[in-house]
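Report on the following structure.
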Amino acid sequence: MHAAVGERLLIRGKAVDSPDRHGEIVEVHGPNGEPPYLVRFDDGHETLVFPGTDSSVEHSEQPPG
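Under full-length UniProt numbering, the first residue of the sequence shown is numbered 1, with each subsequent residue one higher.
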């Protein structure tokens with residue numbers, strides 16, 4: 001998984017009644033855009049995330065440069 005600051009992280013709920021979590025990547029701590037990521041979730045909570053298979057990055061549509 002690779003991401004950049006400003007992109008969105010989606011973590012799918014693990015149980016039927018668990019909601020998905022959405023947040024903005026505010027820091028990338030791994031080399032070359034790899035995890036872990038500091039994520040600010042939509043509820044305002046910030047945490048360091050090591051995304052699993054239930055996660056995906058919503059990449060920016062802006063061209064590089």
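Cβ coordinates follow ideal geometry from the N, Cα and C atoms, glycine included.
Suppose you measure from the CA of residue i to the CA of residue j; what does that come to, to the nearest Å?
i: T47; j: H59; result: 20 Å
i: E34; j: G44; result: 23 Å
i: V49; j: R21; result: 12 Å
i: L38; j: R8; result: 11 Å
In the DSSP assignment, the beta strand (DSSP E) including residue i goes from what residue to what residue?
i: R12; result: Looking at the DSSP string, R12 is not in any beta strand (DSSP E), and its letter there is neither H nor E.
i: T47; result: 46 to 49
i: H22; result: 21 to 28
i: V39; result: 37 to 41
i: E58; result: 55 to 58
Identify, in the order they occur along the chain, each residue of the same chain with its Cβ nearer than 6 Å to the Cβ of residue i, setting aside the five sequence neighbours on each side.
i: H29; result: P36
Would you say residue i and residue j are within 8 Å of each other, going by their C-beta atoms?
i: V57; j: V26; result: no
i: R40; j: G13; result: no
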